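Input: a single structure, listed below in structure tokens.
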Amino acid sequence: MSSSATGQDLSQQNEIFWQINAQQGITWDLTKESRLPHDDNFEMSGSMVSGIISYNVNKAKEVEITRDIIFPQLRKYSKSNESMYRAYLRSQYTDDILPVISLGEKKYETGQLDSIRIKGKISFYFKQRDGIQVTRTFLPSMDKRCFVEKWTMVNKDTKSQRISIGATELVQNELGFHGQYHRKITTDAKSEVEIKPGEQYTFGIY
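The sequence shown runs 1270 to 1475 under the numbering used here.
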């Protein structure tokens, strides 16, 4: 994992944000965190895809996430003087790719972070909001050319919650050294789901 000093106090570089947790991973507990804003990134790889997840937490403990998705085996044409071995297929995506989620008649926003946890993958845990607690987990597929974002929504309320999830589909085509490359972002979320008290709903964005 590497740190960026952009937009933050340089003194933070020597501060400890992470603690070892009971699962032998590491946790950044934001419940009492005051050293904000803070940004960082986490790199991970599968057999056919790599990802750099960059996050920026503001003073309100809200997070902006950017995904830099890289396909190391796929080379693209480059008009620059960049070496061919560096001209791999890669793109950055912000949260603009996410489906619109509605709780009842109102757009649902995840709100404040509770913690960030890392153990081979990176998970963002959000505080309960409107009776729903959200976890967003990012990880590369170990055997497919696919990067995954998994959402888990837990109903902490005493009544059932009805959630609507919009469609997400982005198609990109690019000519490379091995022919035409096709990239697609989609979700397996149901358009509407009812979550009973104490139950959860999980969907992925690929």
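Glycine included, C-beta positions come from ideal geometry on N, C-alpha and C. Note that the structure is a prediction, hence the values are computed from the model and not measured.
A direct Cα-Cα distance of roughly 6 Å separates SER1384 from TRP1297. Under the three-state reduction of DSSP, ILE1366 is assigned to helix. GLU1333 counts as exposed, since fewer than 16 other beta carbons sit within 10 angstroms of its beta carbon. With 16 or more neighbouring CB atoms inside 10 Å of its own CB, PHE1395 falls in the buried class.
Just so you know, the alpha carbons of TYR1450 and TYR1475 end up roughly 16 Å apart. Shown here for PHE1286: same chain residues with a beta carbon closer than 6 Å to its own, the five before and five after excluded, namely TRP1297 in chain order. The Cβ-Cβ distance between ASP1426 and GLY1448 does not fall below 8 Å. In terms of Cα proximity to MET1411, the closest of GLU1302, GLY1320 and ASP1337 is GLY1320. Of the candidates SER1433, ARG1452 and LEU1444, SER1433 places its Cα closest to the Cα of LYS1375. Judged by their CB atoms, PRO1368 and LYS1428 are not nearer to each other than the 8 Å cut-off. Taking 8 Å as the cut-off, the beta carbon of GLY1473 is found closer than this to the beta carbon of VAL1417. The Cβ-Cβ distance between LYS1453 and LEU1444 does not fall below 8 Å. Taken through DSSP and simplified to helix, strand or coil, PRO1306 comes out as coil.
Contiguous beta strand (DSSP E) elements confined to the region 1356-1409 occur at 1357-1362, 1370-1372, 1382-1387, 1391-1395 and 1401-1409, taking only those with 3 or more residues.
Here GLN1293 is actually not in contact with LYS1390; their C-beta atoms are around 14 Å apart, not less than 8 Å.
Put simply, of ASP1364, ILE1366, LEU1343 and ASP1365 the residue whose alpha carbon is nearest the alpha carbon of TYR1357 is LEU1343. Per DSSP, HIS1451 is one residue of the beta strand (DSSP E) stretching across 1448-1455. The shortest CA-to-CA distance from ARG1398 to any of ILE1322, THR1379 and THR1471 is the one to THR1379. In this structure, the beta-carbon distance from THR1437 to THR1456 falls below 8 Å. For VAL1462, the secondary structure class from DSSP, reduced to helix, strand or coil, is strand. For TRP1297, the enclosing beta strand (DSSP E) starts and ends at 1295-1298. Ranked by Cα distance from GLY1435, the first of ARG1414, GLY1315, PHE1407 and ILE1370 is ILE1370.
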